[in-house]
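Report on one structure; see the data block that follows.
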Amino acid sequence: MEDKLNDDIGEAKRLQLWEMMLKLRSVEKKAYDLFLQNLIKGTSHLALGQEAIAGAFGIALQEGDYTFCTYRGHAHTLARGSSIEGVLGELMGRQCGLMKGKGGSMHLTDVEKGVMGSYAIIGAHLTIANGTALASKYNKTKEVSVCFFGDGTTNIGAFHEALNMAKIWDLPIVFVCENNLYMEYTAISEVTAVEHPAADRASAYSLDKIIVDGNDADEMYRTAQTAIKKARYGHGPSLIEAKTYRHSGHSRADPGKYRPDEEVKDWMENKDPIKNYRQKLLEFNIDEKTITGIESKIQQQVEEATNISKNSPIPDIKEIYTDVWADGGYKWHN
Amino acid sequence: MAQLTYRESVSLAIAQAMRKDPKVFFIGEDVGAAGGVFKATVGLLDEFGKERVMDAPISEQAILGAAMGAAMTGLRPIAEIMFSDFLAVCWDIIANQIAKTRYMSDGQINIPLVIRTANGGGSKFGAQHSQSLENWSMMIPGLKVVAPSCASDVLGLMDASVKDPDPVIFYEHKSLYASKEQLENTNLSIPLGQANILHEGADITIIGLALMAQRSKKAAQILKEKHNINAKVIDLRTLVPLDLQTIKRSIIETGLVITVEENPRLCGWGAEISSLITEHCFSNLKGPVTRVTTPHVPLPSADILEDNTIPSVDLIINEVIKKVKGE
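First to last, the protein sequences are chains A and B. With positions in the first sequence counted from 1, the corresponding number in the working numbering is that position plus 303. With positions in the second sequence counted from 1, the corresponding number in the working numbering is that position plus 763.
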């Protein structure tokens, strides 16, 4: 496809970003529907409204790079190329799930795609992501590790330990704070000593202060590329704070009523990354048929994957006793 | 023939592992240039350089997180947590992350790492630098738990731990660092889950671990010489995996059993062993299982207080005599 707008991103890349963001949103919406149908149990933390961040990194990263995300990680997992049925199947506790139902919504893992896990204890995975980055440095290889986390994470000790270690050893890692303005049910501004929870801490670790509009896919992509390149070529870690907003509550149980109506309305209507990007594509003279063609394609993919997941068998109960140890079993005495 | 201290065997064991496998590296606080606060890692930095012997900041979560992440890619880190008491500040990384990631990922991820730590009392360091915490890690599915009682076991069990594809918590006992052993060969490997008989006897079985195994052995020697009681002493070496068969064989022979634990009473490892013995050897028992533990108190610091808190050789002797006499 020839680029109609010949800037640094170009049409082909923009359409990739568009397709990626649509996929992330459509799957999250489907996950919500499946909850309402009681086909998904447990809890779930949707990233509706935050698609530009995971999406841009998904496009900017290379095969072999490592990503770590939180329990709000469906989008980040899909963004690396994991299958939709692998994600939905895991949420539904089916055999086609990425971990055959042993991890669930909060622990999506797909090592083949570089998805090194979704972590449900705030802060831990920043330290673990340092480990894959350390391995790349130790092995003198060029993978980059990227670690996504929320604004609430910036107030836990592991965040600070991890940033310091990454900097002193100049690890090839990118820390991405998705600041959606609320740590669970409380405004982050009410519980944080600085205005920008990640960026204002950067100087404590000799890192640049980087703030980006996390709902602008183009800006997000540029920022991701710069940080990834810096890490890949041995110039050390970056800490990015991407401003965004979640369209839904913290988790399945949360209607998000603690947020002012006008604020929610403003982000939904004026700052929706997907709505705005569609407009941008049109402004770049990208054919509307191309745009809607991608929309239909994604809808079809999500429907197909949903059917595969629904028809996939539930796990065998023998699975309970497998894979505690590397020998495949769980025995602890002879 | 070489005489080696437990302390020297630690650095030798790490060095041997690093010589054999370039994937092995070592990370911890004050471990390189300083050689460790217990001088158990002297010489490693000189031999292997800063790329493989990493002096880390006081950031236990970051140390174990980095070790875990590296292990996820196939490297085989050895991480040191200076005192086992500090495991409490990185327990999330151990109990939630390292232990569970293999299972939650449906076996996609292996975590072949060793966490070494100085454990146990005897140094009068007080309640936050002296605890015996093997049971903490024993409770978590996904962790292997090793606690050597002598220099040769440090060598053999470290070799097996580093080669093991699963995470291992390796508890070194502070009060054993100075103990010495004559060794003909230092290139040893001891499979995890294989207990060791430290003293033969058919009157009673004493089950111990680390320092308590050595004190039990000493008690058994005195019991034989002065009291005509023949005790079999089992050094478990590893709690997970556990060598239940060796315990069963011994109880079939003796019918009497005492566990000797350095941990406080509640949920000490002996409680699980006692339960297993009841389940598997009930008809062989001539009496209830006796657990000798520290009382359920934090460890005090003063000489006389600490000495009277941790089970001593004399206490073990007294408990064995009572048991054998049926008191």
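Yeah, the Cβ is synthetic: ideal placement off N, Cα and C, and Gly gets one too. Keep in mind that this is a model prediction, so the values were computed, not measured.
About 4 Å separates the beta carbon of A:Gly352 from that of A:His550, a gap short enough to meet the 8 Å contact definition. If you check the CB distance, B:Ser924 and B:Val917 do not come in under 8 Å. Below the 8 Å Cβ cutoff, chain B contributes no neighbours of A:Glu388, its closest Cβ being approximately 15 Å away. By alpha-carbon distance to A:Lys578, the top candidate from A:Trp321, A:Asp310, A:Thr457 is A:Trp321.
Annotation: Cβ neighbours of A:His410 in chain B (cutoff 9 Å, chain order): Lys863, Thr864, Met867, Ser868. For B:Ser847, there are no neighbours in chain A by C-beta distance under 8 Å, as the nearest C-beta there is about 19 Å away. Here the region 340 to 349 of chain A lies against the region 395 to 412 of chain A, with 3 or more beta-carbon pairs under 8 Å apart.
Note that the region 809 to 823 of chain B does not touch the region 902 to 913 of chain B; fewer than 3 beta-carbon pairs, one per stretch, sit closer than 8 Å. Within the same chain, Cβ atoms closer than 6 Å to the Cβ of A:Asp368 are found at Gly417, Glu446, Val447, the five residues on either side in sequence being excluded.
The C-beta of B:Phe788 comes closer than 8 Å to at least one C-beta of chain A. Boundaries of the beta strand (DSSP E) around A:Tyr369: 369 to 373. Judged by DSSP in its simplified three-state form, B:Glu1024 adopts strand.
Beta-bridge annotation (DSSP): A:Leu542 is paired with A:Phe478. For B:Gly971, the enclosing beta strand (DSSP E) covers residues 967 to 971. Note on geometry: alpha-carbon atoms of A:Cys372 and A:Thr430 lie some 12 Å from one another. The CB of B:Ser822 comes closer than 7 Å to the CB of Glu464, Asn467, Met468 in chain A, given here in chain order. Taking a cut-off of 8 Å on C-beta distances, the region 943 to 959 of chain B does not touch the region 890 to 899 of chain B, as fewer than three cross pairs fall below it.
Between B:Lys1085 and the set B:Val816, B:Ser912, B:Val1020, the nearest pair of CA atoms involves B:Val1020. Closest in alpha carbon position to B:Ile967, among B:Lys989, B:Gln860, B:Leu1048, B:Leu1002, is B:Leu1048. Chain-ordered, the chain A residues with CB closer than 9 Å to the CB of B:Pro904 read Val627, Tyr633, Trp635. Runs of beta strand (DSSP E) with 3 or more residues, each lying fully within the region 395 to 440 of chain A, are found at 418 to 422, listed in chain order. Here B:Phe933 carries a strand assignment [DSSP, helix/strand/coil]. Contact of B:Pro954 with chain A by beta-carbon distance below 8 Å is absent, the smallest such distance being about 11 Å. A:Asp511 places its beta carbon 8 Å or farther from that of A:Asn482.
The beta carbon of B:Ser886 sits closer than 6 Å to those of Lys937, all from its chain and outside the five residues before and after it, given in chain order. By the rule that beta-carbons nearer than 8 Å mark a contact, A:Leu437 touches chain B. Between A:Pro618 and A:Gly384, the C-beta gap is not smaller than 8 Å, which leaves the two residues out of contact. By the Cβ test, the region 532 to 548 of chain A is not in contact with the region 587 to 602 of chain A, since fewer than three Cβ pairs between them sit closer than 8 Å.
Beyond the five residues adjoining it in sequence on each side, A:Glu464 comes within less than 7 Å, by CB distance, of Thr430 in the same chain, given in chain order. Contact of B:Val931 with chain A by beta-carbon distance below 8 Å is absent, the smallest such distance being about 11 Å.
Comparing alpha-carbon positions, the option among A:Ile491, A:Gly460, A:Met419 lying closest to A:Tyr561 turns out to be A:Ile491. Contact annotation: A:Asp503 and A:Val497 have beta-carbon atoms nearer than 8 Å.
Residue-level contact by beta carbon holds for B:Pro928 and chain A, with a gap shorter than 8 Å. Among the residues of chain B, those whose CB is under 9 Å from the CB of A:Val414 are Met835, Ser868, Gln871, Ile872, following chain order. No Cβ of chain A is located within less than 8 Å of the beta carbon of B:Ile1067.
Three or more beta-carbon pairs drawn from the region 963 to 981 of chain B and the region 993 to 1002 of chain B are found closer than 8 Å, and the two stretches are therefore classed as touching.
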